[in-house]
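Residue numbers (our numbering), protein chains in the order written: chain P, 249 to 403; chain S, 249 to 403; chain C, 249 to 403.
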């Protein structure tokens, strides 16, 4: 298994693995945040989720939407929409032999920007805080894609 | 291409490839399930999708939401939110040289838990069936992330 | 780093990297398209996003849904639901040593079908244009999954 060991001894790939794991864990926290808001505010999407609060017609009042729950859900979906491209493009970029310090700068900026985006979304901070977090992450992914396509486009 | 062949002869990586393919196929089935409910219940999101049922004002009654369609869509989104972290963290974990039997146990638990989650969501089964499916899958991903960061954190 | 260099000199893997980067960039464009529609139509989901248009009660009229914005968002979510399986299954398929010309045909068909799907969704074109784009992409991913599981199932 020489090939495999080499992969995990590569500086860029190991850094990519660490930053990706961190940002995916952050994204997973959005699920528990949604669940937390749903429980404390008693706002549910499924009748079976609030069955312990009552029966029949009593339950209907818990099946509603709530501004705070919807806010967390939008932040979660925005994470998905931006972390999936980072995952794919970042993996391929890491394997394309980039300069280590440039690559690690990209990963750090992305992870920092997405954490800032979530904080700005949930606080909520006034704009353009959230927009800034979004566009830095977006720009980092775009920059890695540009570097990939410039060096190794094969169609 | 020695490196490539080695990858696909690695026991953990081949198991990861099989389980990932299965769970992604399961997720893809959610699209056709949604389409099936939309067709049989005549519930559409786009005017062009129900154009064969009528014209102009006649169409509006088909552009609505339906509890069963929304339920499948929530199950699908929950899949996306949980399978994306498994995909990223699981891939990196598979490449980090884990003990094969531990790794394969992780993959089996995740795939089983997510299939159970979908069944509990669509039936629907009373809680905490769906919560159980969710948290086992969540815990498996978390455990792989912990193992990755403990052994190879590089920031 | 022999293993790494070999990966990026492999014809199939390099092609997968190029097509994946292109389709992920296309998906990222959906975010800016949504933002564009939100700004030009003044339709927002968060109070802080339209704070510059007024204060207090004045803002409420901007917090609404709009058919065109919802259409772009549905196209974006459909992208996510289909590109994530392509990313996972396509990566594993690329590493499983497929015939290069077959593999590249798969990637081309998928990318073409998804671009066509987006055009059909946003225009909108009458059905079955969008369905055609969807099912070609779906079939390509399914075909790669079948090839993977047939050759290397390991459970």
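Think of the CB as a built atom: it goes at the ideal place given N, C-alpha and C, for glycine as much as any other residue.
Apart from the five residues just before and just after residue 250 of chain P, which ones in its own chain have a Cβ nearer than 8 Å to its Cβ?
-> Taking the first residue of the first chain as position 1, residue 250 of chain P is located at position 2. With a pLDDT of only 42 at residue 250 of chain P, under the threshold of 50, the placement of this residue in the model should not be trusted; the figure read from the coordinates follows. For residue 250 of chain P, where only same-chain residues beyond five positions count, there are no Cβ hits under 8 Å.
Where do the N-terminal and C-terminal ends of the alpha helix (DSSP H) with residue 270 of chain S fall, by residue?
-> Taking the second chain and counting its residues from 1, one reaches residue 270 of chain S at position 22. Secondary structure note for residue 270 of chain S: its alpha helix (DSSP H) is the uninterrupted segment 259 to 289.
Determine the direct distance from the alpha carbon of residue 348 of chain C to that of residue 357 of chain C, and round the result to whole angstroms.
-> On the third chain, position 109 is the one that residue 357 of chain C refers to. On the third chain, position 100 is the one that residue 348 of chain C refers to. Straight across, the Cα-Cα distance linking residue 357 of chain C with residue 348 of chain C is about 14 Å.
Taking buried to mean at least 16 other C-beta atoms within 10 Å of its own C-beta, is residue 310 of chain S buried or exposed?
-> Locating residue 310 of chain S in the second chain gives position 62, where the first residue counts as 1. The C-beta of residue 310 of chain S has 16 or more other C-beta atoms within 10 Å across all chains shown, which makes the residue buried.
C-beta contact flag for residue 393 of chain S and residue 269 of chain P at 7 Å = Along the second chain, read from residue 1 onward, the residue named residue 393 of chain S stands at position 145. Along the first chain, read from residue 1 onward, the residue named residue 269 of chain P stands at position 21. Their beta carbons are under 7 Å apart, which means residue 393 of chain S touches residue 269 of chain P by this criterion.
Interface flag, residue 267 of chain C vs chain S, CB-CB below 7 Å | Against the third chain, residue 267 of chain C aligns to sequence position 19. No, residue 267 of chain C does not count as interfacial toward chain S.
Could you give the residue range of the alpha helix (DSSP H) that holds residue 389 of chain C?
-> Counting from one through the third chain, the residue named residue 389 of chain C turns up at place 141. Per DSSP, the unbroken alpha helix (DSSP H) holding residue 389 of chain C starts and ends at 377 to 400.
Does the count of Cβ pairs from the stretch 272 to 281 of chain P and the stretch 330 to 347 of chain S closer than 8 Å reach three?
-> Pairwise C-beta distances place the stretch 272 to 281 of chain P in contact with the stretch 330 to 347 of chain S, as three or more of them are shorter than 8 Å.
Would you verify that the beta carbon of residue 276 of chain S is, or is not, closer than 7 Å to some beta carbon of chain C?
-> Here residue 276 of chain S refers to the residue found at position 28 of the second chain. It does: the Cβ of residue 276 of chain S has a partner Cβ on chain C nearer than 7 Å.
Check distances from the C-beta atoms of the stretch 370 to 403 of chain C to those of chain P and list, in chain order, the residues that come in under 7 Å.
-> Flagged: no residues at all.
Tell me whether residue 294 of chain C sits in a helix, a strand or coil according to DSSP, three-state version.
-> Against the third chain, residue 294 of chain C aligns to sequence position 46. Coil.
Compute the Euclidean distance between the alpha carbons of residue 255 of chain P and residue 379 of chain S, then round it to the nearest angstrom.
-> Position 7 of the first chain, counted from the start, is the residue given in the question as residue 255 of chain P. Position 131 of the second chain, counted from the start, is the residue given in the question as residue 379 of chain S. Pairing residue 255 of chain P with residue 379 of chain S, the inter-Cα distance amounts to about 37 Å.
Under the rule that 16 or more other beta-carbon atoms within 10 Å means buried, what is residue 350 of chain C, buried or exposed?
-> Mapped onto the third chain, residue 350 of chain C falls at position 102. Around the CB of residue 350 of chain C, fewer than 16 other CB atoms lie within 10 Å, so the residue is classed as exposed.
Cβ of residue 263 of chain S within 7 Å of any chain C Cβ = The residue you call residue 263 of chain S lines up with position 15 of the second chain. Yes, because at least one Cβ of chain C sits closer than 7 Å to the Cβ of residue 263 of chain S.
What does a CB cutoff of less than 6 Å around residue 330 of chain S pick up in its chain, not counting 5 residues either side in sequence?
-> Walking along the second chain from the start, residue 330 of chain S turns up at place 82. Cβ within range, chain order: 385.
Under 9 Å by beta carbon: chain C residues contacting residue 304 of chain P = Counted from its first residue, the first chain places residue 304 of chain P at position 56. Ordered by position in chain C, no residue passes the 9 Å Cβ test against residue 304 of chain P, which lies about 31 Å from the chain.
Counted within 10 angstroms of its Cβ, other Cβ atoms place residue 381 of chain C as buried (16 or more) or exposed = One-based indexing of the third chain puts residue 381 of chain C at position 133. Looking at its Cβ environment, which holds 16 or more other Cβ atoms inside 10 Å, residue 381 of chain C is buried.
Sequence-distant residues of its chain with Cβ nearer than 8 Å to residue 372 of chain S (five each side left out) = Taking the second chain and counting its residues from 1, the one referred to as residue 372 of chain S is at position 124. Once the five neighbours on either side are set aside, the close Cβ partners of residue 372 of chain S are 319, 378.
Closer than 7 Å, CB to CB, is residue 249 of chain S near chain P or not?
-> Position 1 of the second chain, counted from the first residue, corresponds to residue 249 of chain S. Confidence in residue 249 of chain S is poor, its pLDDT being 36 and thus under 50, which makes the residue's placement too unreliable to answer from.
If I'm right that residue 397 of chain S touches residue 266 of chain P with Cβ under 8 Å, what's the distance once you round it to whole angstroms?
-> One-based indexing of the second chain puts residue 397 of chain S at position 149. One-based indexing of the first chain puts residue 266 of chain P at position 18. By a beta-carbon distance limit of 8 Å, residue 397 of chain S contacts residue 266 of chain P. Their separation comes to about 7 Å.
Provide the residue span of the alpha helix (DSSP H) that contains residue 333 of chain C, from first to last.
-> The count along the third chain starts at 1 and reaches residue 333 of chain C at position 85. Where residue 333 of chain C is concerned, the enclosing alpha helix (DSSP H) stretches over 315 to 343.
Who are the near neighbours of residue 401 of chain C in its chain, counting only those whose CB is closer than 7 Å to its CB and skipping five residues on each side?
-> The sequence position of residue 401 of chain C within the third chain is 153, counting from 1. Taken in chain order, the list of residues that qualify is empty.
Within 10 angstroms of its Cβ, does residue 321 of chain C collect 16 or more other Cβ (buried), or is it exposed?
-> Numbered from 1 along the third chain, position 73 holds the residue referred to as residue 321 of chain C. Buried is the call here.
Could you tell me if the beta carbon of residue 382 of chain C falls within a distance shorter than 6 Å of some heavy atom in the ligand HEM?
-> The ligand HEM is not among the ligands present in this structure, which contains no ligands whatsoever.
Please state if the CB of residue 314 of chain C and the CB of residue 289 of chain C are separated by a distance shorter than 7 Å.
-> For the purposes of this step, residue 289 of chain C is identified with residue 41 of the third chain, where counting begins at 1. For the purposes of this step, residue 314 of chain C is identified with residue 66 of the third chain, where counting begins at 1. In this structure, residue 314 of chain C lies closer than 7 Å to residue 289 of chain C by Cβ.
Between the Cα of residue 344 of chain S and those of S:287, S:395, S:262, S:279, spot the shortest distance and give me the residue it belongs to.
-> Translated into the one-based positions of the second chain, residue 344 of chain S becomes position 96. Sorting S:287, S:395, S:262, S:279 by C-alpha distance to the C-alpha of residue 344 of chain S places S:395 at the top.
At least one CB of chain P closer than 7 Å to the CB of residue 337 of chain S: is that the case?
-> Position 89 of the second chain, counted from the start, is the residue given in the question as residue 337 of chain S. Residue 337 of chain S counts as touching chain P.
How is the alpha helix (DSSP H) around residue 348 of chain C delimited, first residue to last?
-> For the purposes of this step, residue 348 of chain C is taken as residue 100 along the third chain, with counting starting at 1. That run of the alpha helix (DSSP H) goes 348 to 370.
Could you work out which residues of chain P lie near residue 318 of chain C, taking near to mean beta carbons separated by less than 7 Å?
-> Start at 1 with the first residue of the third chain, and residue 318 of chain C comes out as number 70. Per Cβ cutoff of 7 Å: no residues; residue 318 of chain C is ~13 Å from chain P at best.
Determine, using beta carbons only, whether residue 296 of chain C comes closer than 7 Å to chain P.
-> For the purposes of this step, residue 296 of chain C is identified with residue 48 of the third chain, where counting begins at 1. Closer than 7 Å to some Cβ of chain P, the Cβ of residue 296 of chain C qualifies, so yes.
Cα-Cα separation between residue 234 of chain C and residue 296 of chain S, rounded to whole angstroms = One cannot answer for residue 234 of chain C here, as it falls past the ends of chain C, which runs 249 to 403.
Compare the beta carbon distance of residue 317 of chain S and residue 285 of chain S with 7 Å and say whether it is the shorter of the two.
-> As a first step, residue 317 of chain S must be located in the second chain, where it is residue number 69. As a first step, residue 285 of chain S must be located in the second chain, where it is residue number 37. Residue 317 of chain S places its beta carbon less than 7 Å from that of residue 285 of chain S.
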